[in-house]
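Counting in full-length UniProt numbering, the final residue of the sequence shown is number 108, and the numbers go up one at a time with none missing. Heads up, the beta-carbon is just placed ideally off N, CA and C, and yes, glycines get one too.
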Amino acid sequence: MDVNERIKAVLAEHPIVLFMKGTPQFPMCGFSSRAAQALKEAGAEVHAVNVLADPEVRAALPHYANWPTFPQLFIQGELIGGCDIVEDLKASGELARMVLDVSGASQA
1 MDVNERIKAV LAEHPIVLFM KGTPQFPMCG FSSRAAQALK EAGAEVHAVN
51 VLADPEVRAA LPHYANWPTF PQLFIQGELI GGCDIVEDLK ASGELARMVL
101 DVSGASQA
């Protein structure tokens, strides 16, 4: 399976995916840490992908998503954005609503 197929498979399998440097428990950059924390505070069940542990994904994802930096948040397969966007969504209350929409949809 090529790397783009692997990315698609992860996005299809998990409603909320954060491609980040490190893990939510041990983030390896401040931006990844802030995005993971915002998602945690919004009550999200996140599937995190450590791009430092998978150089193929780290190299391919910026082209796949047309987003140059990490972290990258996807909800229901759609790119939401990076750290600043995640934090803005959290501050506005929109992130919690998005997470609730996904949780409700996956339980229905």
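Between GLY77 and THR69 the beta-carbon gap is near 20 Å, outside 8 Å, which marks them as no contact.
Looking at the backbone, the Cα of ILE80 and that of GLN72 are separated by about 7 Å.
ASP101 and GLU56 have their C-alpha atoms some 31 Å from each other. Judged by beta-carbon spacing, ALA48 lies beyond the 9 Å limit of PRO15, meaning their Cβ atoms are not closer than that value. Restricted to the UniProt domain "Glutaredoxin" (16–80), the beta strand (DSSP E) segments that are unbroken, complete and at least 3 residues in length are 16–20, 47–50, 72–75, listed in chain order. With respect to the C-alpha of ALA42, the residue from LYS90, ASP2, ILE85 having the closest C-alpha is LYS90.
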